[in-house]
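Chains as they are written, first to last, in my numbering: chain S, 22 to 324; chain H, 33 to 365.
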C-alpha cells in the first residue's frame, strides 16, 4: 500500500535528473511547447509529462478542488459532471467521468489528467495513457498526504510557491483548530455512509485521521478489506459508539433508528449525540479537509 | 413408489436444530452455552448479549428458515404447474421484478422511510407481483395458463426487467447505492426482526396448508394435462391456484430478503430424489429442507465474511451448485 520512502525521495529526485538530462547539449531543442520530464505518481506509475502543463483536468471532484487551490485556473480545461466546487468550476466544460467520455476528453487534449485512487478505474487510465494522455493518481491516507499532494501538484504544475502558500495556510489553520487538548477519553465516533445495508467509514479511511484531530476517535477499530465496510446491527451494538455522524438526530430518529430500533440502546442515541456532517466535506479528500476537521470538532463539542 | 418421509424429516429436523444452536452462537458478541441457557430461562433484555440473541440472531435464523421453506415450496409448485424440472420460484420474473422495484426507490425516492414505513420492501413486492402479472397475462390464453408460453413470457419479461434494473444500476453513481442494489439482486437476512417474521410465517403456513389440501391434484397434474383432465382434474383451476400460492410465497421472500437464488430449484429435486415424485411427505420435507439449507447458507455466509456476511445468494450458488451437479451425475448413473 505505502510507497517505500526511497521511492518518494526518488520521485523528487527524478525531475532533477530529467533536468540534467535536458541540459545535455546533444539533445534536440524542444519545440514551442514544453520539455518533458519523468515523474512517478502515488501508485508508483512512471509518467512522462510536460514540465509546464498548459491544459490540465481532474477526474474527481476532490481533485478539481485541489487543482483550483494550486493551478493557474485558466489552465484547468474542464471538470466532471460531479465537480461542483469551487463555484468557478461550474463554468468549465463538462467531461463525463462515469462512464468516462473518452472522446471528449481526448478532443480536449489535456497535457495531464489528475485523479485519486478509486475514482478512476485502472482500465480507463490505461486507455488514456495509450491515447497519449498521462494520468496522475494521488492517494491519501492521512491529512498530511493531502498536503503532500498539494505540494506535488505545485511542483507538477510549476507553481511551487502557490502550493506552499496554500499548504502553509492550511497547516496554520489546522494547528489553530487542534491547539486545545481534547478532553479524555476521546468519544468513539461512528460515521455512517449508507443505511441499508449499513455502511460506515472504516479504519483505513481519511475519516480516522480527521476525527482524531477533531478530538474523537473512529469507533471502527478493526481493519476490514473494504474501506467502507458493511456492519451488522449486532456489531454496532457491540461497538456502542458515543457519537454517530450520518444525519441530524431528528432525521436519523425517523429513518435509521426507525429501521433498526434495537440500535436505540447505543450511547450516541441515548445521549442524542447524532449529528449531520456536510457530505462533501466528509467524502472529499480536498483542501477543504481542514474545514471538515473544523466541522467535526464543532459537532463533537456541541452539547 | 413411496418411501417413508418420516426418517428424512426427523433427520432434517435434527440437522436444523444443530444449525440453529450453532447459528445462535455466531456473531460479534461472545455467547457461550451458559448464556444461551440463561437467556432461555430468564431473558434479561438489559444484557446486550442476551438482547442480541433474542432480537437479532434468532429472528435472522427464523427468517432464513421461513424464506428457505417458502422458496423451496414455491419452486416445487412451479415445477408441477408447468411440468418442467427447470422451473424455479423466479420463473415469472419475480427476482428481477423485485430487484427493479427496490432499485427504483433507491434511485428516485429521496426519503425511504415514510410514516415509519420502510419503502424498499414494499416496492420490491410491487415490482415482483407486477412483473408476475405481466408474465401471466402474456402466458395465458382465454383464462388458461399455457405452460410453454408462460415460460417464454417469464424469460422475456425477466430480461426486460433485468435490463431496466441494469440501467438504474448503471445510472446510480454512488458506490453505496450500487452495493445496495447488489444486495437486492442477491438477497440477505440482515434486516430480520420480529416485526417482519409474521409475513413469511403466514405465507409458509397458509401455503403449506393449501397445498396439502391440494396434494392429490398435484400428483394428478404430474401425469400431464391430457391424462389429468381425463381423470377429472380441473387443470386450469389447479394451475391458477398453484400460481397464486407460489407467487405469494416468492413475493413475500423477495420483498423481505431479496431474490435468494438456487434454493427453489435444487431443493424440490432433492426432495423427489429422496422421497419419490409423489411421496406423501414431499411438501413438508421440501419446505423443511429448503429452510434448513438457507439457515446453513446464511451461517456459512456470516462465518466466511464477518461481520455482515456475504450476500446469501452467492453462498447458495457457490455451495449448492457443486452439490447439485454431484447429485445430478449420481442420479444419471
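We put the CB at the ideal spot given by N, CA and C, even for glycine.
Original post:
Beta-carbon of residue 84(H) versus every beta-carbon of chain S: anything under 8 angstroms?
Top reply: yes
Original post:
Can you give the Cα-Cα distance for residue 189(S) and residue 167(S), rounded to whole angstroms?
Top reply: 12 angstroms
Original post:
Helix or strand or just coil, what does DSSP make of residue 174(H)?
Top reply: Residue 174(H) falls in the coil class under three-state DSSP.
Original post:
Is the Cβ of residue 88(H) closer than 8 angstroms to any Cβ of chain S?
Top reply: yes
Original post:
According to DSSP, which residues form a beta bridge with residue 143(H)?
Top reply: According to DSSP, which records beta bridges pairwise, residue 143(H) is partnered with nothing at all.
Original post:
Assuming residue 348(H) contacts residue 267(H) under a Cβ cut-off of 8 angstroms, what Cβ separation, rounded to an integer in Å, is found between them?
Top reply: Approximately 32 angstroms separates the beta-carbon atoms of residue 348(H) and residue 267(H); this is outside 8 angstroms, ruling out the contact.
Original post:
Leaving out the 5 sequence neighbours to the left and right, which residues in its chain are closer than 7 angstroms to residue 71(H) when beta-carbon positions are compared?
Top reply: 82, 85, 86
**OP:** Would you mind reading off the limits of the alpha helix (DSSP H) that contains residue 215(S)?
**Re:** No alpha helix (DSSP H) holds residue 215(S); the beta strand (DSSP E) holding it covers 209–215.
Original post:
Taking the alpha-carbon positions, what's the residue 118(H) to residue 216(H) distance?
Top reply: 23 angstroms
**OP:** Determine the burial state of residue 169(H): buried for a count of at least 16 other Cβ atoms within 10 Å of its Cβ, exposed for fewer.
**Re:** So residue 169(H) counts as exposed.
Subject >> Cβ-based neighbour list, residue 277(S), same chain, cut-off 6 angstroms, excluding 5 preceding and 5 following >> reply: 216
Original post:
How many angstroms separate the CA atom of residue 40(H) from the CA atom of residue 312(H)?
Top reply: Residue 40(H) and residue 312(H) have their C-alpha atoms some 12 angstroms from each other.
**OP:** Assign residue 292(S) to one of two classes, buried (16 or more other C-beta atoms within 10 Å of its C-beta) or exposed (fewer than that).
**Re:** exposed
**OP:** Name the two residues that bound the continuous beta strand (DSSP E) containing residue 77(S).
**Re:** 77–79
**OP:** Measure the alpha-carbon distance for residue 290(H) versus residue 219(H) and round it to whole angstroms.
**Re:** 4 angstroms
Subject >> 7 angstroms CB neighbourhood of residue 175(S) in its chain, flanking five on each side removed >> reply: 91, 181, 183, 184, 185
Original post:
How is residue 287(S) classed by DSSP in three states: helix, strand or coil?
Top reply: coil
Original post:
Any beta-carbon of chain S closer than 8 angstroms to the one on residue 145(H)?
Top reply: yes
Original post:
With 16 as the cutoff for other CB atoms within 10 Å, does residue 149(H) come out buried or exposed?
Top reply: exposed
**OP:** Let me know the secondary structure DSSP gives residue 81(H) once reduced to three states.
**Re:** helix
**OP:** Would you decide whether residue 281(H) is buried or exposed? Buried here means 16 or more other CB atoms lie within 10 Å of its CB.
**Re:** buried
Subject >> Beta-carbon proximity of residue 212(S) to residue 221(S), cut-off 8 angstroms >> reply: yes
Subject >> Cβ distance (whole Å) where residue 287(S) is taken to contact residue 258(S) below 8 angstroms >> reply: 7 angstroms
Subject >> Residue range of the alpha helix (DSSP H) that includes residue 103(S) >> reply: Unbroken run through residue 103(S): none, as it is neither H nor E.
**OP:** Return helix, strand or coil for residue 301(H), following the three-state DSSP convention.
**Re:** helix
Original post:
When burial is assigned at 16 or more other CB atoms within 10 Å of the CB, is residue 273(H) buried or exposed?
Top reply: buried
**OP:** In angstroms with no decimal places, state the Cα-to-Cα distance between residue 142(H) and residue 257(H).
**Re:** 49 angstroms
**OP:** Quick one: grab the DSSP three-state call for residue 232(S).
**Re:** helix
Subject >> Contact belief for residue 159(H) with residue 133(H) at Cβ below 8 angstroms, rounded distance in angstroms >> reply: 2 angstroms
Original post:
Between the segment 104–116 of chain S and the segment 136–155 of chain S, are three or more C-beta pairs nearer than 8 angstroms?
Top reply: no
**OP:** Step through the CB atoms of chain H and report whether any lies within less than 8 angstroms of the CB of residue 142(S).
**Re:** no
**OP:** Return the residues of the segment 215–235 of chain H that lie within a Cβ-Cβ distance of less than 8 angstroms from chain S, sorted by chain order.
**Re:** 215, 220, 222, 223, 225
**OP:** Tell me the start and end of each unbroken alpha helix (DSSP H) in the segment 231–270 of chain S that is at least 4 residues and wholly inside, in chain order.
**Re:** 254–260
Original post:
CB residue 61(H) to CB residue 255(S), shorter than 8 angstroms?
Top reply: Their beta carbons are under 8 angstroms apart, which means residue 61(H) touches residue 255(S) by this criterion.
Original post:
residue 156(S) to residue 171(S), Cα distance in whole Å?
Top reply: Distance from the CA atom of residue 156(S) to the CA atom of residue 171(S), rounded to whole angstroms, is 16 angstroms.
**OP:** Consult DSSP for residue 295(S) and reduce its assignment to one of helix, strand or coil.
**Re:** strand
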